[in-house]
Amino acid sequence: MNADATFSTTDRDDDPYAGVRETTEGPVYTVTGQDWDDVVGAAAAGEERIVVNMGPQHPSTHGVLRLILELDGEIVREARVGLGYLHTGIEKNLEYRNWTQGVTFVTRMDYLAPFFNEAAYVFGVEKLLGISDDIPERANVIRVMMMELNRISSHLVAIATGGMEMGALTVMTVGFRERERTLDLFELITGLRMNSAYIRPGGVAQDLPPGAVESVREYLRWMWDHIGEIEAFCNENPIFKGRTQENGYLDLAGCMALGITGPILRATGLPWDLRKTQPYCGYETYEFDVPTRDTCDSYGRFRIRVDEIKESLKIIEQCLDRLEPGPVMVEDKKIAWPAQLAIGSDGMGNSLDHIRHIMGESMEALIHHFKLVTEGFRVPPGEVYVPVESPRGELGAHVVSEGGTRPYRVHFRDPSFNNLQAVAAMCEGGMVADVIVALASIDPVMGGCDR
Amino acid sequence: MTTRLADQLGRAEIQAVEQVEGFGADPWWIIALKCLGIFVLLLLMTLFVIVFERKVVARMQHRIGPNRVGPKGWLQSLADGVKLMLKEDIVPKAADRVVYILAPIISAVPAFLVFGLIPLGPEVSIFGETTRLQLTDTPVAVLLILAIASSGVYGLMLAGWSSGSPYPLLGGLRSSAQVISYELAMSLSFVAVFLFAGTMSTSGIVESQERIWYALILAPSFVVYMVSMVGETNRAPFDLPEAEGELVAGFGTEYSSIKYAMFFLAEYINMINVSALATTLFLGGWRAPWPLSAIGDGMFNEGWWPLLWFLAKVLVLLFVFIWLRGTLPRFRYDQFMKLGWKVLIPFSLAWIVLVGGLRLAMNEGVTRQQIFLVVGIALAVFMVISFISSWIGERVRDDEEESEDAAEKPFDPFAGGHPVPPLPGQQGSTPVAATVGPPAGSDHTDESDSSEEGTRA
Numbered sequence: 001m002n003a004d005a006t007f008s009t010t011d012r013d014d015d016p017y018a019g020v021r022e023t024t025e026g027p028v029y030t031v032t033g034q035d036w037d038d039v040v041g042a043a044a045a046g047e048e049r050i051v052v053n054m055g056p057q058h059p060s061t062h063g064v065l066r067l068i069l070e071l072d073g074e075i076v077r078e079a080r081v082g083l084g085y086l087h088t089g090i091e092k093n094l095e096y097r098n099w100t101q102g103v104t105f106v107t108r109m110d111y112l113a114p115f116f117n118e119a120a121y122v123f124g125v126e127k128l129l130g131i132s133d134d135i136p137e138r139a140n141v142i143r144v145m146m147m148e149l150n151r152i153s154s155h156l157v158a159i160a161t162g163g164m165e166m167g168a169l170t171v172m173t174v175g176f177r178e179r180e181r182t183l184d185l186f187e188l189i190t191g192l193r194m195n196s197a198y199i200r201p202g203g204v205a206q207d208l209p210p211g212a213v214e215s216v217r218e219y220l221r222w223m224w225d226h227i228g229e230i231e232a233f234c235n236e237n238p239i240f241k242g243r244t245q246e247n248g249y250l251d252l253a254g255c256m257a258l259g260i261t262g263p264i265l266r267a268t269g270l271p272w273d274l275r276k277t278q279p280y281c282g283y284e285t286y287e288f289d290v291p292t293r294d295t296c297d298s299y300g301r302f303r304i305r306v307d308e309i310k311e312s313l314k315i316i317e318q319c320l321d322r323l324e325p326g327p328v329m330v331e332d333k334k335i336a337w338p339a340q341l342a343i344g345s346d347g348m349g350n351s352l353d354h355i356r357h358i359m360g361e362s363m364e365a366l367i368h369h370f371k372l373v374t375e376g377f378r379v380p381p382g383e384v385y386v387p388v389e390s391p392r393g394e395l396g397a398h399v400v401s402e403g404g405t406r407p408y409r410v411h412f413r414d415p416s417f418n419n420l421q422a423v424a425a426m427c428e429g430g431m432v433a434d435v436i437v438a439l440a441s442i443d444p445v446m447g448g449c450d451r
Numbered sequence: 001m002t003t004r005l006a007d008q009l010g011r012a013e014i015q016a017v018e019q020v021e022g023f024g025a026d027p028w029w030i031i032a033l034k035c036l037g038i039f040v041l042l043l044l045m046t047l048f049v050i051v052f053e054r055k056v057v058a059r060m061q062h063r064i065g066p067n068r069v070g071p072k073g074w075l076q077s078l079a080d081g082v083k084l085m086l087k088e089d090i091v092p093k094a095a096d097r098v099v100y101i102l103a104p105i106i107s108a109v110p111a112f113l114v115f116g117l118i119p120l121g122p123e124v125s126i127f128g129e130t131t132r133l134q135l136t137d138t139p140v141a142v143l144l145i146l147a148i149a150s151s152g153v154y155g156l157m158l159a160g161w162s163s164g165s166p167y168p169l170l171g172g173l174r175s176s177a178q179v180i181s182y183e184l185a186m187s188l189s190f191v192a193v194f195l196f197a198g199t200m201s202t203s204g205i206v207e208s209q210e211r212i213w214y215a216l217i218l219a220p221s222f223v224v225y226m227v228s229m230v231g232e233t234n235r236a237p238f239d240l241p242e243a244e245g246e247l248v249a250g251f252g253t254e255y256s257s258i259k260y261a262m263f264f265l266a267e268y269i270n271m272i273n274v275s276a277l278a279t280t281l282f283l284g285g286w287r288a289p290w291p292l293s294a295i296g297d298g299m300f301n302e303g304w305w306p307l308l309w310f311l312a313k314v315l316v317l318l319f320v321f322i323w324l325r326g327t328l329p330r331f332r333y334d335q336f337m338k339l340g341w342k343v344l345i346p347f348s349l350a351w352i353v354l355v356g357g358l359r360l361a362m363n364e365g366v367t368r369q370q371i372f373l374v375v376g377i378a379l380a381v382f383m384v385i386s387f388i389s390s391w392i393g394e395r396v397r398d399d400e401e402e403s404e405d406a407a408e409k410p411f412d413p414f415a416g417g418h419p420v421p422p423l424p425g426q427q428g429s430t431p432v433a434a435t436v437g438p439p440a441g442s443d444h445t446d447e448s449d450s451s452e453e454g455t456r457a
């Protein structure tokens, strides 16, 4: 088959936005960005406007977000968002792996909040399995603790990168210094600094290692001592306030219309936090406040993030007080992952006790191990939607099962994606510098947005 | 009085045509030596300042900073410079070639020129020749410095324009607007110094600070200069032309290799220049600071010692630059312009009138006590007025707030054009769940459309 011949049959006139051409493998549709074409057309018409393609490679677009800005001098007349540059096919991949392996994928979506991705997915799977109430108390406490630690690290990155984009470099280093300490804890507890795949259907992958509780307490002491540094830099800094106050304004009606959640919504004064309004994982038993502001602007969102870090510290303290010895996986041997990991002379792997048990003592245990590890457990047919409050807002997992060992479909409502809808409402009419600050206040993570 | 004024005018005229005393008599090789010395000094200072900045900022940010190249990392900027020179030099297709290549040269050359007019020390002896530690001086040296410094901005502007892409264009626009507005504030801050020194020659201004630094008696001018010197050199928190967060690298986005290095060089030399100018005009130039100047009959104010004091003062000012960078976020373009035009310039003008009035009063023979009395009364009256006005303002605001509280309307979930739940403290007339659908009999679709437009506009 002549390659030239196939390409010469190109016929783009059928649809202005999705031309089709025939190839050996069938028709190929090329979807073009109509926005960009319109914009170029308008620019060619002789208007005094510059079209700036901010991103996908730009220091301040939080990864690979592409903003198409129409500028009139320094004023932004139109702002559009281009997505999809970090599409990883995670949701699709989930359909080809068993339920436990899915955790390893979802943890990589919103890479600043891996434990929330895992939690939303795992809560969905557990709900389908009907074991939500059977999760041991210790596992739930550990989950809450990890999620709150993760909330802190995510908010720290949001504040740090936001500061850096405004030119406040020391805010950046302070934020990242604190985040490093949080990641050190993750490394200690889960073995990995990011993408831990720690929260598993039925519990958590591994119990806390010795010394973890002391390390977390030490961390809490450090954080209470040092969280004030960021506040001292920003709270009353006239330049910082000048940049953030009345920037990226979005009121309650705007948030409701666009489906905005998280700190942006709470900056309008509505105390909407799923941990309080639709509690999960035992959050109703913890004492904490939902910080709100009524400024509807970037400054309010910044202050809310700092206040939420403090609330998370309080929750972690309560978690440590509640940790009682006990199992971290459900009792049900048909679901619970059979082995705990241990460090041997050749690195980390299944514990020797477990290997001795399945290889020498119990044929049944061997069969269980083999079935669970190779095929995985079956999940009854049905579909559930489980939301959790991630640092960016409502992170929901819509999990559908046919009754097999793999998901039929998993879809995530990622707050980054929904919140990015607000870019135009927040930025149009402002200046270029305002776009950056407003975007930082949205705190999108493209990994979660594009999945 | 008239005769005295005429006298002064006459003296100024004579000065204008004459050379400044002690200059213009050097043999050619001394001049060449001085030129070379200044060039080498500036290059070395630049290399030093870059590493110094990185190390100081690192300390402020709980980091270590460069520590690999050379002893304790002090050769890092040299290695970076070599790397930049060896990199591929790219000229974008859309660029205007000639201007694009010329722009970095235009911005770097004036940066080197300024230092020729800065007095680095008093008379010294070089190979038996007695000469001043300054390349040259003119009766209008400070104006000349301003002129040279402002021509450097053409480089940035042309770089932004010739690159043929949007970010550099915006950066170039910003830098030209910035330098023009801050040049004004900067020159106004000099006027008070001229009034006191009675000369515009840099060496003359240093001479006249023998008793007291102008930074102390003309503190407001010094503050205005400090702010505008940061604005003039495009440094944080005024680094809008190269705001990394917004414009990637501003006017320098399309530049690479040695051309980029020249912009870099120009920026750092400009920092050194404005610091040197601040030292000369406000901090007593090369004169030793107070306790040192009293030692041994002023022995530290003679020979080569003053070069050390001069460099030390410049270094302190450079540290201020770095300190600012480590502390403050960046201004937004309009806020920055507002600061220049609405705060610094009017303030400078008022201050100049005040200084000029005081000078005139002193010349007229008004005693110091009388001046203090008048100023004290004026200050007292001003404070009383401001206190009363703020008190009245507070009362008015309180009243307004009270009336607002009284007029609080019942909660309307559709007020913003889209149904919203009641906020805490608001009385929800209907439960949240019931407000999701449109209320019967209301044409909220039209209303929502119009108000949506309103909020977005």
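The listed protein sequences correspond, in order, to chains U and V.
Under the numbering used here, the first residue of the first sequence is numbered 1, with each subsequent residue one higher.
Under the numbering used here, the first residue of the second sequence is numbered 1, with each subsequent residue one higher.
Every residue, glycine too, gets a C-beta built ideally from N, C-alpha and C.
8 Å Cβ cutoff met for residue i and residue j
| i | j | result |
| --- | --- | --- |
| residue 362(U) | residue 382(U) | no |
| residue 83(U) | residue 450(U) | yes |
| residue 152(U) | residue 335(U) | no |
| residue 368(U) | residue 333(U) | yes |
| residue 156(V) | residue 125(V) | no |
| residue 309(U) | residue 58(U) | no |
| residue 457(U) | residue 176(U) | Within the shown structure, residues of chain U are numbered from 1 to 451, placing residue 457(U) beyond reach of any answer. |
| residue 235(V) | residue 321(V) | yes |
| residue 290(V) | residue 121(V) | no |
Rounded Cβ spacing between residue i and residue j (contact assumed at less than 8 Å)
| i | j | result |
| --- | --- | --- |
| residue 257(U) | residue 418(V) | 4 Å |
| residue 201(V) | residue 141(V) | 5 Å |
| residue 412(U) | residue 126(U) | In fact, because the Cβ distance is near 16 Å, the residues do not count as touching under 8 Å. |
| residue 38(V) | residue 115(V) | 5 Å |
| residue 256(V) | residue 85(V) | Going by Cβ atoms, the distance from residue 256(V) to residue 85(V) rounds to 11 Å, so no, they are not a contact pair. |
| residue 193(V) | residue 119(V) | That belief does not hold up - the Cβ atoms of residue 193(V) and residue 119(V) are roughly 14 Å apart, past 8 Å. |
| residue 319(U) | residue 144(U) | 6 Å |
| residue 326(V) | residue 170(U) | 5 Å |
| residue 324(U) | residue 288(U) | Going by Cβ atoms, the distance from residue 324(U) to residue 288(U) rounds to 21 Å, so no, they are not a contact pair. |
Identified DSSP bridge partners for residue i
| i | result |
| --- | --- |
| residue 132(V) | 123(V) |
| residue 342(U) | 349(U) |
| residue 329(U) | 203(U) |
Chain-ordered chain B contacts of residue i [CB-CB under 8 Å]
| i | result |
| --- | --- |
| residue 135(U) | The structure shown contains no chain B; its protein chains are U and V. |
- Message: For the pair the region 118-129 of chain U and the region 381-390 of chain U, tell me if three or more CB-CB distances fall below 8 Å.
- Response: yes
- Any chance you could list the alpha helix (DSSP H) runs of at least 4 consecutive residues sitting entirely within the region 190-271 of chain U, in chain order? The alpha helix (DSSP H) runs lying completely inside the region 190-271 of chain U and spanning 4 residues or more are 212-234, 238-244, 252-258, 263-266, given in chain order.
- Which full runs of the alpha helix (DSSP H) of 4+ residues lie inside the region 377-438 of chain U, going along the chain? Within the region 377-438 of chain U, the alpha helix (DSSP H) runs of at least 4 residues that lie entirely inside it are, in chain order, 415-419, 423-427.
- Task: Let me know the alpha helix (DSSP H) ranges lying completely inside the region 33-61 of chain V, each 4 residues or longer, listed in chain order.
- Result: none
- Message: Any contact between the region 195-204 of chain U and the region 133-142 of chain U? By contact I mean 3 or more CB pairs, one from each, below 8 Å.
- Response: yes
- Would you list, in sequence order, the uninterrupted beta strand (DSSP E) runs of no fewer than 3 residues that lie entirely inside the region 214-285 of chain V? Correct list: empty.
- List in chain order: all unbroken beta strand (DSSP E) runs of 3+ residues lying wholly within the region 44-123 of chain U. Fully enclosed beta strand (DSSP E) runs of 3 or longer: 50-54, 66-72, 75-82.
- Cβ contact check for the region 337-355 of chain V and the region 169-184 of chain U: 3 or more pairs under 8 Å: no
- Query: Do the region 198-216 of chain V and the region 269-281 of chain V meet, that is, are 3 or more Cβ pairs less than 8 Å apart?
  - Reply: yes
- Message: Three Cβ pairs or more, each shorter than 8 Å: is that satisfied between the region 65-78 of chain U and the region 164-172 of chain U?
- Response: In the pairwise beta carbon analysis, the region 65-78 of chain U is classified as not touching the region 164-172 of chain U: fewer than three pairs are separated by under 8 Å.
- Per the contact definition of three or more C-beta pairs closer than 8 Å, is the region 323-336 of chain V in contact with the region 299-314 of chain V? Touching, no.
- Message: Report the start-end ranges of each alpha helix (DSSP H) in the region 301-354 of chain V that is 4 residues or longer and not cut off at the edges.
- Response: 305-327, 333-338
- Task: Assess, as a yes-or-no matter, whether the region 257-266 of chain U is touched by the region 371-381 of chain U under the definition of 3 or more beta carbon pairs within less than 8 Å.
- Result: In this structure the region 371-381 of chain U does not lie against the region 257-266 of chain U, because fewer than three pairs of beta carbons, one per stretch, are closer than 8 Å.
- Item | contact_flag[the region 45-55 of chain V, the region 269-277 of chain V] where n(CB pairs < 8 Å) is 3 or more | A contact exists between the region 45-55 of chain V and the region 269-277 of chain V.
- Message: Three or more C-beta pairs under 8 Å: does that hold for the region 346-354 of chain U against the region 222-237 of chain U?
- Response: no
- Task: Report the residue ranges of all alpha helix (DSSP H) runs contained in full by the region 55-103 of chain V; include only those spanning at least 4 residues, in chain order.
- Result: Correct list: 76-86.
- Message: With three or more beta-carbon pairs closer than 8 Å as the criterion, would you say the region 245-252 of chain U touches the region 426-445 of chain U?
- Response: The region 245-252 of chain U, when compared against the region 426-445 of chain U, does touch it at the 8 Å Cβ threshold.
- Task: Determine, using beta-carbon pairs with one atom in the region 363-377 of chain V and one in the region 209-224 of chain V, whether at least three such pairs fall under 8 Å.
- Result: no
- Does the region 76-96 of chain V come within contact of the region 346-357 of chain V, defined as at least 3 CB pairs closer than 8 Å? no
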